[in-house]
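One structure below.
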Amino acid sequence: MQASLGIGMLGLGTVGSAVAARLIGEWEMLGARAGVTPVLRRVAVRDLTRTRDVDLRNVELTSDAQALVDDPAVDIVVEVMGGVEPARSLISRALQRGKTVVTANKAVIAESGPALAGLAASHGAGLWFEAAVGGGLPIVALLRASLGADVVRGVDSIVNATTNIMLTRMREEGVRFETAVAEAQRRGFAEADPSSDVDGWDAAYKLVIMSWLAFGVHVEPEAVDRRGIRDVRLHDLAYTGQLGYSVKLVAHAERAVRSGAVHLRVRPTAVPADHPLYAVDDSDNAVIISSDLADTVILSGLGGGGASTASAVVSDVVQAARTRGCPPAAPLTAEPVLLSDEDVEVAGYLRLIVDPSGEAQAAAVQMLEDRGVPVTAAFDKPPLDGPFPQLLLLTGAAPRAVHDRALETLDTLPVVREIACAMDRIESAA
Ligand SMILES: NC(=O)c1ccc[n+]([C@@H]2O[C@H](COP(=O)([O-])OP(=O)(O)OC[C@H]3O[C@@H](n4cnc5c(N)ncnc54)[C@H](OP(=O)(O)O)[C@@H]3O)[C@@H](O)[C@H]2O)c1
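For what it's worth, our numbering labels the leading residue of the sequence shown as -18, then goes sequentially.
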C-alpha cells in the first residue's frame, strides 16, 4: 500500500470546502501524481455547529487551530482561513515544527512572505502560496520556475475580480457603484466589507508578491502607489469608452534596467482597445509579464472563486508531497530602491469643467505643454449637470511628478473651474 501524508486544514469556507472536496473526492488521482497519498485528517473552523456542504466523514472537525498545527499526524498545514492573525502565527508555528505550509493568504504573504520563507528555510520546511495570486492562474510557478532564466522588466495585470466585475457592470449597463458592489457580493466575489477590493489593497498585496518573485525585492504594501475605484465616475467610463478605452484597476510593476529601482502602482487606468488587458472583463484576471528572453507572457482566466483557488492550493499540496524532503529555496529578497516620481512615466486622461468662453481648450493645452506634458488629443464636450462645458484631454507620456505639478497649475487657470477627473492611461500602440 502507498504511504500517506497527513493534511490539516485551517478554514472550511469558500476555498476550504473546494479543497476538501478535491482532496477527499480525488485522493487516488492525487496520490498517483504525488507518489504518496495526501489524506485530509483534521479541519479547524470557528463555528463547529454550522452545517457544512462537504462530506467530512473520517475527518475530524475542531475549533482548536493550534492543536491541529501541533498534531504529529499532520504533515502539511493548508491555511485557508484568511485574515492576518491568527493565520500568520499559525503558519509560523507550523514552519518552526518543520511542517510544510500551503496558503492562499495574500495579505500574510505580501506583508511577511520573506520572513516566513526564511523561517521555512531555517527549519527545512516548505512554504507554498500559488493560490495567493490569481486563483488558479499559475503565476507563482511562472515567476518562480518557468522564467528562472529571465530578467523580468515589468508586470501589468488585472488581479482583482470584484473591481473588474464592478467596472464592467458600470461601463456596460451604467449601474451605480453601490449596485455594482452589491452584485459582486451576491456572486460571492466581494466580502461583506468590500474595502480591501475597492480601495486597491487586495491588488496591491498580489502585486507585492509578484514583484517579490519577479524582481527579488520586497516592497511593503503601504509603499505601493495605490488608488482604488471609489472615485471612478460613470461619465468617465462613458467618455473613455467613446475614445476607444476601457477603465480597469491595473496593477503595474516595473524595474529600471540600469539602477534596478522598482515602481509598483495600483490605479484605475484607461486601457486602449489594442492592449491585451482591454477585453479582460467581469471576473477574469490577466497578468502580462515582460522579460528579456521570453519577451511577453500572458496568463488569463478565472482569478478566484472556490474551485479555481482550490486548483492552486491542491496543486501545491501535490507538488509539496512529490518534492518532500527537498522544499523550494526561499525567493531572493533584497531591500528595494523605489523609483522616484521624477522617473516614472505615465500618460493620462483628464476631464475638466471649464468656462464657456471658447478659450479653455487652447489655454489648457498651452499650459500643459509649457510644463512638459504633451497633449495628444483634446475634445470639447457639452455641460453635464450645470451650465459649464467640459474639456477632455489625453496627455502623453511624461514623468508622474511633471504631470502632478502641471495639474496643480492647471487648477489655477482662470478658464478651468474644476479638474473633474485625472486618470492614468496606457497609450495605444497604433
Ligand atoms: N474566495 C476566493 O475566491 C479566494 C481566492 C484566492 C484566495 N483566497 C484566500 O483564501 C483564504 C480563504 O478565503 P475564503 O473565501 O475561503 O474565506 P471564508 O469563506 O471566509 O472562510 C474562512 C474559513 O476560515 C475559518 N476561520 C476563520 N477564522 C478562524 C479561526 N480563528 N480559527 C479557525 N477557523 C477560522 C472560518 O470558519 P467558519 O466556517 O466556522 O466561520 C471559515 O471556514 C483567504 O486568505 C483569501 O484571501 C480566496
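Even for Gly, the Cβ is constructed at its ideal location relative to N, Cα and C.
Values in this document were obtained by computation on a predicted structure and should not be read as measured data.
Output the residue ranges of the alpha helix (DSSP H) runs that lie fully inside the stretch 168 to 238 and measure 4 residues or longer, sorted by chain position.
176 to 179, 182 to 196, 215 to 223
How close, in whole Å, do the beta carbons of Ser150 and Ala161 come, if the pair is a contact with beta carbons under 8 Å?
Position 169 of the sequence shown, counted from the start, is the residue given in the question as residue 150. Position 180 of the sequence shown, counted from the start, is the residue given in the question as residue 161. According to the sequence as given, residue 150 is Arg; it is not Ser. Confirmed, Cβ separation roughly 5 Å.
Local conformation of Ser409 per DSSP, three classes:
Translated into the one-based positions of the sequence shown, residue 409 becomes position 428. Coil.
Let me confirm a value: Cys402 is counted as buried when at least 16 other C-beta atoms fall within 10 Å, else exposed. Which label applies?
On the sequence shown, position 421 is the one that residue 402 refers to. Looking at its Cβ environment, which holds 16 or more other Cβ atoms inside 10 Å, Cys402 is buried.
CB of Pro67 to nearest heavy atom of ligand 1: below 7 Å?
Within the sequence shown, residue 67 is the residue found at index 86, counting from 1. Yes; taking the cut-off as 7 Å, the Cβ of Pro67 has a heavy atom of ligand 1 nearer than that.
Can you tell me the Cα-Cα spacing of Ile5 and Gln(-17), whole angstroms?
The sequence position of residue 5 within the sequence shown is 24, counting from 1. The sequence position of residue -17 within the sequence shown is 2, counting from 1. In a straight line, the C-alpha of Ile5 is about 16 Å away from that of Gln(-17).
With a 10 Å radius around its C-beta and 16 neighbouring C-beta atoms as the bar for buried, classify Gln223 as buried or exposed.
What you label residue 223 is simply residue 242 of the sequence shown in a count that begins at 1. Looking at its Cβ environment, which holds fewer than 16 other Cβ atoms inside 10 Å, Gln223 is exposed.
Helix, strand or coil for Glu92, going by three-state DSSP, please let me know.
The residue you call residue 92 lines up with position 111 of the sequence shown. The answer is helix: DSSP assigns Glu92 an H, G or I state.
If you measure from the CB of Ala453, is any heavy atom of ligand 1 nearer than 7 Å?
Because residue 453 is not part of the residues shown, which for the chain are -18 to 411, the question remains open.
Have a look at Asp385 and Leu375 and give me their C-alpha separation to the nearest angstrom.
For this step, residue 385 is matched to residue 404 along the sequence shown. For this step, residue 375 is matched to residue 394 along the sequence shown. Between Asp385 and Leu375, the C-alpha separation is close to 15 Å.
For Ala112, I'd like the list of residues in its chain whose CB is within less than 6 Å of its CB, leaving aside the five on either flank, ordered along the chain.
Position 131 of the sequence shown, counted from the first residue, corresponds to residue 112. So the list reads Ala85, Thr290, Ala293, Val294, once near-sequence residues are dropped.
Would the C-beta of Arg152 count as close to ligand 1, meaning under 7 Å from any of its heavy atoms?
Here residue 152 refers to the residue found at position 171 when the sequence shown is read from its first residue. No, the Cβ of Arg152 stays beyond 7 Å of every heavy atom of ligand 1.
Opening and closing residue of the beta strand (DSSP E) in which Ala379 lies:
To locate residue 379, count along the sequence shown from 1; it is residue 398. 371 to 380 is the extent of the beta strand (DSSP E) around Ala379.
Can the beta-carbon of Val397 be found closer than 8 Å to that of Arg352?
Taking the first residue of the sequence shown as position 1, residue 397 is located at position 416. Taking the first residue of the sequence shown as position 1, residue 352 is located at position 371. Not closer than 8 Å, so no.
Of the residues Trp182, Met191, Val228, the one placed nearest Asp262, counting alpha carbons only:
For this step, residue 262 is matched to residue 281 along the sequence shown. Cα-wise, what sits closest to Asp262 is Val228.
Going by DSSP, name the residue or residues bridged to Pro19.
Numbered from 1 along the sequence shown, position 38 holds the residue referred to as residue 19. Pro19 is bridged to Leu(-14).
What span of residues does the alpha helix (DSSP H) with Arg303 cover, start to end?
On the sequence shown, position 322 is the one that residue 303 refers to. Segment 287 to 303, the alpha helix (DSSP H) holding Arg303.
Assess, as a yes-or-no matter, whether the stretch 227 to 247 is touched by the stretch 183 to 190 under the definition of 3 or more beta carbon pairs within less than 8 Å.
yes
Proximal residues to His233 (C-beta, below 6 Å), its chain only, five neighbours per side dropped:
In the sequence shown, residue 233 corresponds to position 252, counting from 1. Same-chain partners within the cutoff: Asp137, Arg246.
By the three-class DSSP mapping on this structure, what secondary structure does Asn39 have?
Your numbering for residue 39 matches position 58 in the sequence shown. It is coil, neither helix nor strand.
Tell me which residue opens and which closes the beta strand (DSSP E) that Glu350 is part of.
Numbered from 1 along the sequence shown, position 369 holds the residue referred to as residue 350. From DSSP, Glu350 is part of no beta strand (DSSP E) but of the alpha helix (DSSP H) over 341 to 351.
Quick one: grab the DSSP three-state call for Asp263.
If you number the sequence shown from 1, residue 263 lands on position 282. In this structure, Asp263 counts as coil in the three-state DSSP scheme.
Between Ser192, Arg236, Ser177, which lies nearest to Gly209 when the distance is taken from Cα to Cα?
As a working mapping, residue 209 is identified with position 228 in the sequence shown. The residue with the shortest Cα to Cα distance from Gly209 is Ser177.
Can the beta-carbon of Val24 be found closer than 8 Å to that of Ala48?
Mapped onto the sequence shown, residue 24 falls at position 43. Mapped onto the sequence shown, residue 48 falls at position 67. It is not a contact, given that the beta carbons lie outside the stated cut-off.
Cα-Cα, which of Ile90, Val55, Ser281 is closest to Thr81?
Sequence index remark: in the sequence shown, residue 81 carries index 100 (1-based). Minimum Cα distance to Thr81 is reached at Val55.
Cα-Cα, which of Ala15, Asp45, Ile270 is closest to Ala299?
Against the sequence shown, residue 299 aligns to sequence position 318. It is worth fixing the name first, because residue 299 is Val in this sequence and not Ala. Nearest option by C-alpha distance: Ala15.
State yes or no: is the beta carbon of Trp193 nearer than 8 Å to at least one beta carbon in chain C?
Although the question refers to chain C, the structure presented lacks it and comprises just one protein chain.
Decide yes or no for the touch test of the stretch 267 to 287 against the stretch 106 to 123: beta carbon pairs closer than 8 Å, at least 3 of them.
yes
Assuming Ala315 and Leu333 are in contact, meaning their beta carbons sit under 8 Å apart, how far apart are those beta carbons, in whole angstroms?
Mapped onto the sequence shown, residue 315 falls at position 334. Mapped onto the sequence shown, residue 333 falls at position 352. Actually they are not in contact, since the Cβ atoms of Ala315 and Leu333 sit about 42 Å apart, beyond 8 Å.
With respect to 7 Å, is the separation between the Cβ of Leu(-9) and the closest non-hydrogen atom of ligand 1 below this value?
Locating residue -9 in the sequence shown gives position 10, where the first residue counts as 1. The answer is yes for Leu(-9).
Run of the beta strand (DSSP E) containing Arg246, from where it starts to where it stops
Residue mapping note: residue 246 aligns to position 265 of the sequence shown, counting from 1. Segment 243 to 253, the beta strand (DSSP E) holding Arg246.
Over the uninterrupted beta strand (DSSP E) stretch that includes Ser240, give me the two end residues.
By 1-based counting over the sequence shown, the position of residue 240 is 259. No beta strand (DSSP E) contains Ser240, which DSSP labels as neither H nor E.
Quick check on the burial criterion: 16 or more other C-beta atoms within 10 angstroms. Buried or exposed for Glu399?
Within the sequence shown, numbered from 1, the residue matching residue 399 stands at position 418. By the 10 Å Cβ count, Glu399 comes out exposed.
Would the C-beta of Gly286 count as close to ligand 1, meaning under 7 Å from any of its heavy atoms?
What you label residue 286 is simply residue 305 of the sequence shown in a count that begins at 1. Yes, the beta carbon of Gly286 sits closer than 7 Å to at least one heavy atom of ligand 1.
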